[in-house]
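Read top to bottom, the protein sequences are chains R and Z. Position 184 of the first sequence, counted from 1, bears residue number 169 in the working numbering, the numbering being contiguous throughout. Position 142 of the second sequence, counted from 1, bears residue number 127 in the working numbering, the numbering being contiguous throughout. Ideal placement from N, C-alpha and C gives every residue a C-beta, glycine not left out. Bear in mind that the values here come from a model prediction, so they are computed numbers and not experimental data.
There are 2 protein chains.
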Amino acid sequence: MTDRFDAADRPALIAELIERLSRLVRAQAHDTALNPAQWDALRYLERCNRFSNTPGALARYLAATKGTVSQTLNALERKGLVARQDDPLSGRVVRLALTRAGRSALNRDPLQPLARAAASLAGGETRRIAEGLLAMLSDLQRANGQRPFGVCRTCRHFRKDADGGNPHFCALLRERLSEHDAGRICAEHEPVAA
Amino acid sequence: MTDRFDAADRPALIAELIERLSRLVRAQAHDTALNPAQWDALRYLERCNRFSNTPGALARYLAATKGTVSQTLNALERKGLVARQDDPLSGRVVRLALTRAGRSALNRDPLQPLARAAASLAGGETRRIAEGLLAMLSDLQRANGQRPFGVCRTCRHFRKDADGGNPHFCALLRERLSEHDAGRICAEHEPVAA
DNA sequence: TTGCTATAGTATCGAGTCGATACTATAGCG
DNA sequence: CGCTATAGTATCGACTCGATACTATAGCAA
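Given below as structure tokens:
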């Protein structure tokens, strides 16, 4: 029988460690006012751009069904952390926004202990690990036939410094992008490299 | 506002990536016959040693309550993947063992896509990442006041090559350990370094 | 205009999860 | 023999989450 802790099976070890770390975070988060799915949604809404602040985009991001996400949003709205707003342009789109309370709730994010654990790694390691995990995420999403969901800056529709005042531009949505926008998650993201 | 994707906030990014990877695995695992907790239990039972194949140890490992774990075990037993056996020495200890079907179920572990993603990383990276994640796990467990749960070989009670035929020895439980034992997870594990 | 179809989102339901609580039974100690 | 600690189970209830069914709007086509 193969021993999953052998050096040869290090990928299996990595996968299992990821699963365990996440499990510990969830276990720890249990005495929070929010559940894991709600925290995930809150984090997403903090970082998505104005093209992606919708229930549908959130559902794709979380790999959950629209119905499930709708319930999560109901809970977050009930708690006053998220506001739903009608889209001025389209009658069937709902725009999501964090409330002030929602933003400040993120200061109590149960992911913080994990982030602290990451911060205490040896100096150069955080970069390597972040890049490795990112690569794994892309891999996994590709294998699942999902959209990659990256930030505008790394998208093939991103046009850097297209203009003076408003430095960037999205060639897909034909919208100007501020420097701030460029670092936000977009549901339309397509990586530069084909 | 700080942008969580800045280089300065790389630890937060790492934490979030771990959470997302795990979420994708869980989402993918949904059309499996087993749920995430059951997979976690199966994985543990494949790799724990003979001192740690009990519901209590599993509960500590999963950071779950005994009641929850008991239910998980009920489900696994009902599905014929795990067998509960009375301990011959103690009437209040239950020993857990994977059945043949349980062992072969692990070939369909939904963690495998993630492991494959880890395997396709650049050569030297897997080692670094595995070590980094291990360090994070220890950190997190220490912060939560939990037992570390490592393999015998790295335990302070482990005596290497204590004997000829049975090479190793556990100084805590006063039991001989085979080479195979040395790589198994033990609930009594205490790291060498204090 | 009138369909037709696709899409965004919601409501409802039911199987299942998981912690809390309470319980039984054994171990171990005096 | 109690007494207490521990291993494990049963039960309950709040909640999760996907499946299904539904409403409503958008967009296209004739």
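When the Cα atoms are used, Gln97 of chain Z and Ala44 of chain Z turn out to be separated by approximately 24 Å. Residues of chain Z with a Cβ closer than 7 Å to the Cβ of Ala102 of chain R are, in chain order, Met121, Asp124 and Leu125.
In the three-state reduction of the DSSP assignment, Asp94 of chain R falls in the coil class. In this chain, Leu106 of chain Z is not harboured by any beta strand (DSSP E), its DSSP state being neither H nor E. For Asp(-6) of chain Z, the three-state secondary structure derived from DSSP is helix. Separation of Pro73 of chain Z and Val54 of chain Z (C-alpha to C-alpha, rounded to the nearest whole angstrom) is 22 Å.
Rounded to the nearest whole angstrom, the CA to CA distance from Arg11 of chain R to Pro21 of chain R is 6 Å. The continuous beta strand (DSSP E) containing Gln70 of chain Z extends over residues Val67 to Asp71. Residues of chain Z with a Cβ closer than 8 Å to the Cβ of Leu81 of chain R do not exist, since the nearest Cβ in that chain sits about 17 Å away.
A direct Cα-to-Cα measurement between Arg138 of chain Z and Arg35 of chain Z gives close to 15 Å. For Ser105 of chain R, the C-beta contacts it makes with chain Z under 9 Å involve Pro(-4), Ala120, Met121 and Asp124, in order along the chain. Out of R:Asp146, R:Phe143, R:Asn59 and R:Leu119, the CA that lies nearest to the CA of Pro133 of chain R is found in R:Leu119. Think of a sphere of 8 Å around the beta carbon of Gln56 of chain Z: no beta carbon from chain R falls inside it, the nearest being about 16 Å out.
Ranked by how close their Cα comes to the Cα of Phe143 of chain Z, the residues Z:Ser7, Z:Arg28, Z:Gln131 and Z:Ala156 have Z:Ala156 in first place. In this structure, the straight-line span from the alpha carbon of His15 of chain Z to that of Leu30 of chain R is close to 25 Å. Under DSSP, the beta-bridge partners assigned to Arg144 of chain Z are Z:Phe154. Interface annotation, Ser7 of chain Z: in contact with chain R, CB-CB separation under 8 Å. Contact residues of the stretch 13 to 38 of chain R toward chain Z are Gln13, Asp25, Arg28 and Arg32 (C-beta to C-beta distance below 7 Å).
When the Cα atoms are used, Arg69 of chain R and Val79 of chain R turn out to be separated by approximately 6 Å. Remark: C-beta atoms of Ile(-1) of chain Z and Thr84 of chain R do not approach each other more closely than 8 Å.
With a cutoff of 8 Å on beta-carbon distance, Ser75 of chain Z and Ala172 of chain Z are scored as not near each other. In the three-state reduction of the DSSP assignment, Val78 of chain R falls in the coil class, being assigned neither a helical nor a strand state.
One Cα belongs to Leu162 of chain Z, the other to Leu2 of chain Z, and the distance between them is close to 38 Å. Interface flag for Leu43 of chain R against chain Z is unset, since no Cβ pair is found closer than 8 Å.
What Val10 of chain R touches in chain Z, judged by beta-carbon distance under 7 Å, is Glu4, going in chain order. Spatial neighbours of Ala167 of chain R in its own chain (CB-CB distance under 6 Å, excluding positions within 5 residues in sequence) are listed in chain order as Cys137, Arg138 and His153. DSSP places Leu162 of chain R in no alpha helix (DSSP H) but in the uninterrupted beta strand (DSSP E) bounded by Glu160 to Leu162. Residues of chain R whose Cβ lies closer than 7 Å to the Cβ of Gly117 of chain Z are, in chain order, Leu106, Glu110 and Ile114.
Using a Cβ-Cβ cut-off of 8 Å, Leu61 of chain R does not count as an interface residue toward chain Z, since no Cβ of chain Z sits closer than that to its own. Under the three-state reduction of DSSP, Cys137 of chain Z is assigned to helix. The C-beta separation of Leu61 of chain R from Gln23 of chain R comes to about 6 Å, placing the pair in contact by the 8 Å criterion.
By a beta-carbon distance limit of 8 Å, Pro(-4) of chain Z contacts Ala103 of chain R. Their separation comes to about 4 Å. For Lys51 of chain R, the enclosing alpha helix (DSSP H) stretches over residues Lys51 to Arg63. Our two residues, Arg32 of chain Z and Ala115 of chain R, have alpha carbons roughly 28 Å apart in a direct line. When R:Gly109, R:Arg77, R:Thr57 and R:Gly87 are compared, the shortest CA-CA separation from Val67 of chain R is found for R:Gly87. Going by DSSP, Leu19 of chain Z is part of no alpha helix (DSSP H) at all; its letter is neither H nor E.
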